[in-house]
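Following: one structure in structure tokens, then a few remarks.
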Amino acid sequence: MTDIARGDVDVRISKPVAHRLVKMRSFGIGEKSTSSISIVTGILLIIVWWAVARSGLVAHLFLPTPQEVYTQAIAIYHDGYAGASLWEHLSASLSRIVSAALIACALGIPVGLAMGLNRWAKGLLDTPIEFYWPLPPLSYLPLMIIWLGIGETSKVTLLVLAMFAPICLSAQAGVRALPIERVNAALSLGASRWNLFFDIVLPSALPEILTGIRIALGVGWGTLVAAELIAATRGIGFMIMSASQFLATDVVFVGICIIAICAFAFTLVMRSLETWLVPWKGKS
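And the structure:
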């Protein structure tokens with residue numbers, strides 16, 4: 070009986086199938102860091118700059134070599150420029166742009182959120198913001214002098230006006246990009262108005278707000294030179310404009326490099342804030 074049973078039943082033991090993992094193709098830049106590419110690009114730009122300056126294709130008066138710019142930066146660090154030390158110039162510029170950025174954020178974020186949530190706020194404020202936003206800061210610089218004088222108030226106000234619009238418009242865009250399904254889900258779960266704003270609206274708009282602040286800081290650094298034209302005696306922008314009047318190109322390059330380093334440092338800070346505050350950005 071046992072033999073019959075063994076003969077009738079064909080028992081086949083199959084070997085386990087080895088599953089092959091298929092790696093999904095990435096899209097866009099992927100998750101790999103681009104720092105090495107950026108470093109190599111920066112080195113190549115410096116090499117090209119040095120080669121052009123040494124070749125004589127451009128007059129030495131207009132394009133000094135990187136070594137001469139570095140030497141001039143060391144001299145300014147030790148001896149100062151135009152009756153002030155390098156730290157006095159740098160601290161004057163940083164105090165102006167940081168104070169202007171704080172004021173622009175304090176005004177632009179609430180106004181932008183209100184414009185995204187309330188049609189009356191959008192209707193009243195959209196026209197004046199869209200009217201002055203495309204204007205270059207130099208176009209209303211004379212008005213700042215006439216209305217506010219030549220003190221620090223006019224300089225900071227000019228920077229605030231340049232930085233306010235991108236922060237405000239980005240906050241508004243962040244609110245308007247909020248999916249209505251998320252709002253309805255929160256309301257169906259009994260969320261109050263304050264819960265809806267702080268738990269749904271604000272976190273959803275925060276990535277756009279931080280992007281707007283980064284753009285505003287870039288605009289602010291670009292406006293800084295114009296702002297420090299207003300009877301300034303301190304500041305990196307003043308140093309650049311003063312050096313340009315005497316064709317001190319190496320000093321101009323030093324000022325440009327300082328502004329670039331400061332702007333890059335601000336960008337790193339904003340990226341760190343984005344990583345901390347909105348870790349979900351770009352992962353949906």
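Residue numbers for the sequence shown follow my numbering, so the first one is 70 and each next one is one higher. Just so it is clear, CB atoms sit at the ideal spot from N, CA and C, and this is done for glycine as well.
Exercise. From 303, 274, 321, pick the residue whose C-alpha is nearest to that of residue 349; which is it?
Worked result: 274
Exercise. Would you report the Cα separation of residue 176 and residue 233, rounded to the nearest angstrom?
Worked result: 7 Å
Problem set entry | Three-state secondary structure assigned by DSSP to residue 74 | Reliability of the predicted coordinates at residue 74 is poor, the pLDDT of 47 falling under 50, and no value is obtained from them.
For this session: Could you spell out the range, first to last residue, of the alpha helix (DSSP H) harbouring residue 158?
Result: Its alpha helix (DSSP H) spans residues 155-186.
For this session: Check whether the Cβ atoms of residue 244 and residue 270 sit closer than 8 Å, and answer yes or no.
Result: yes
For this session: Run the CB neighbour count on residue 288, radius 10 Å, all protein chains shown included, and call it buried at 16 or more, exposed below.
Result: buried
Exercise. Under a Cβ-count criterion, where at least 16 other Cβ atoms within 10 Å of its own Cβ denotes burial, should residue 75 be classed as buried or exposed?
Worked result: Its pLDDT being 49, under 50, residue 75 is placed unreliably in this model, and the value from its coordinates should be taken loosely. Residue 75 is exposed by the Cβ-count criterion.
For this session: Assign residue 209 to one of three DSSP states: helix, strand, or coil.
Result: coil
Exercise. In whole angstroms, what is the alpha-carbon distance linking residue 155 and residue 149?
Worked result: 5 Å
For this session: Could you tell me whether the segment 127-137 touches the segment 315-327, using the rule of 3 or more Cβ pairs below 8 Å?
Result: Touching, yes.
For this session: Check whether the Cβ atoms of residue 181 and residue 238 sit closer than 8 Å, and answer yes or no.
Result: Cβ atoms of residue 181 and residue 238: closer than 8 Å.
For this session: Inspect the beta-carbon positions of residue 280 and residue 231 and report whether they are closer than 8 Å.
Result: no
Exercise. Would residue 251 be called buried (16 or more neighbouring beta carbons within 10 Å of its own) or exposed?
Worked result: exposed
Exercise. Based on Cα-Cα distance, which residue from 145, 164, 278, 160 lies nearest to residue 340?
Worked result: 278
Exercise. Are three or more beta carbon pairs between the segment 159-176 and the segment 304-312 nearer than 8 Å?
Worked result: yes
For this session: Grab the span of the alpha helix (DSSP H) containing residue 138 for me, first residue to last.
Result: It spans 135-148 - the alpha helix (DSSP H) in which residue 138 sits, taken as one unbroken run.
Exercise. Taking Cβ to Cβ, would you say residue 108 is nearer than 8 Å to residue 173?
Worked result: Going by C-beta atoms, residue 108 is not nearer than 8 Å to residue 173.
Problem set entry | Extent of the continuous alpha helix (DSSP H) run through residue 278 | Looking at the DSSP string, the run of the alpha helix (DSSP H) that includes residue 278 is 271-296.
For this session: Taking 8 Å as the threshold, find out whether the segment 320-336 comes into contact with the segment 181-201 through three or more Cβ pairs.
Result: Short answer: they don't touch.
Exercise. Buried or exposed: where does residue 78 fall if 16 or more other Cβ atoms within 10 Å of its Cβ makes it buried?
Worked result: For residue 78, the predicted model reports a pLDDT of 49, less than 50, meaning its position is unreliable; a value from the coordinates is still stated below. Exposed, by the Cβ-count rule.
For this session: Out of 314, 276, 298, 330, state which residue places its alpha-carbon closest to the alpha-carbon of residue 347.
Result: 276
For this session: For residue 335, count neighbouring C-beta atoms within 10 Å of its own C-beta (all shown protein chains included) and say buried if the count is 16 or more, exposed if not.
Result: buried
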